[in-house]
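UniProt numbering numbers the first residue of the sequence shown as 1 and each following residue consecutively.
Just so you know, even glycine gets a beta-carbon here, dropped at the ideal spot from N, CA and C.
Source: prediction; values computed, not measured.
This report concerns only the one structure given below.
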Amino acid sequence: MTESEYFTVRHRMTINVEMLPPEFSLPSEDAFEAQIPTPFRVANEFCQLDQMAENARSELKQSDFTHVIGLLDAQNAKLNLLLSFMLAQQDDESLRFFTTDFGASEVRYLSPVSQDIGQLARVKLFIDHPAAAIFCYAEVIRCETVSDAQTETGETQYRITLRYQMLRDIDQDLLIKAALYQQQKLLRQRSLERERK
């Protein structure tokens with residue numbers, strides 16, 4: 001992955017973060033690829049197929065095949081439901097956190113435990129739209145104390161920022177799409193709120 005900066009968007013999503021010991025070193029590209037869970041690979045293939053289906057859908061709309069479009073949408077919904085179930089099996093509750101922000105170069109989450117700058121982590125990100133999951137390695141680049149007023153529990157929390165260190169290009173593209181989707185959703189909400197006033 002390059003050191004490019006990408007925008008981040010405020011969004012809560014489930015992640016698993018496994019902090020690794022100080023002596024841990026990042027695996028080779030081949031070893032990294034081999035570690036990616038099969039359901040994550042399947043989910044990424046689904047995302048690519050969804051893009052092709054969207055293109056076909058646009059062509060069908062122009063030909064007024066609404067019943068065919070409805071059938072395709074129903075089949076896609078079934079597959080996404082099955083995919084979501086499959087990915088949920090990969091979520092380890094003991095490593096579960098929730099993001100505050102994410103993007104294609106870094107992710108932030110709240111933790112009750114402080115982490116050392118430079119510490120490596122094995123990370124799984126579970127994306128709602130498009131339904132997918134990403135496996136990567138990241139490094140702690142920031143650890144900030146969050147004031148009690150900002151936390152739901154009232155207990156001391158830390159906002160941990162992780163920068164991706166090993167991330168496949170297709171997964172980075174997926175993060176860009178997911179961040180753009182969440183940004184568009186936020187902009188639509190703001191537009192609706194302004195119209196109501």
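Straight-line Cα distance separating residue j from residue i
i: Tyr164; j: Gly103; result: 10 Å
i: Glu144; j: Asp73; result: 44 Å
i: Arg96; j: Val17; result: 7 Å
i: residue 204; j: Ser94; result: As shown, the chain starts at 1 and ends at 197. That puts residue 204 outside it, with no answer to give.
i: Phe32; j: Pro39; result: 15 Å
i: Glu23; j: Arg122; result: 14 Å
i: Asp173; j: Phe7; result: 13 Å
i: Lys185; j: His129; result: 11 Å
i: Met13; j: Glu139; result: 19 Å
i: Gln189; j: Phe65; result: 31 Å
i: Ile117; j: Ala34; result: 27 Å
For residue j and residue i, believed in contact at Cβ under 8 Å, the rounded distance
i: Ile15; j: Leu125; result: 5 Å
i: Gln182; j: His11; result: 5 Å
Neighbour-count burial assignment, residue i, 16 or more Cβ in a 10 Å radius
i: Asn55; result: exposed
i: Glu195; result: exposed
i: Ala88; result: exposed
i: Ser105; result: buried
i: Thr100; result: buried
i: residue 235; result: Residue 235 is absent from the structure shown; the chain starts at 1 and stops at 197.
i: Ala77; result: exposed
i: residue 199; result: With the chain covering 1 to 197 only, the question about residue 199 has no answer from this structure.
i: Ala43; result: buried
i: Leu71; result: exposed
i: Glu45; result: exposed
i: Gln75; result: exposed
i: Leu120; result: buried
Among the options, the one whose alpha carbon lies nearest that of residue i
i: Thr170; options: Arg10, Glu5, Phe135 and Glu106; result: The question names Thr, but residue 170 in the sequence shown is Ile. Minimum Cα distance to Ile170 is reached at Phe135.
i: Tyr137; options: Gln119, Met166 and Cys47; result: Met166
i: residue 198; options: Leu187, Met52, Arg168 and Ser191; result: Nothing can be reported for residue 198: it is not among the residues displayed for the chain, which extend from 1 to 197.
i: Cys47; options: Ala178, Glu193 and Leu192; result: Ala178
i: Leu79; options: Pro21, Ile141 and Ala132; result: Ala132
i: Met86; options: Ile176, Ser63 and Arg41; result: Arg41
i: Thr156; options: Leu180, Val113, Leu187 and Ser191; result: Val113
i: Val107; options: Leu83, Leu82 and Arg142; result: Arg142
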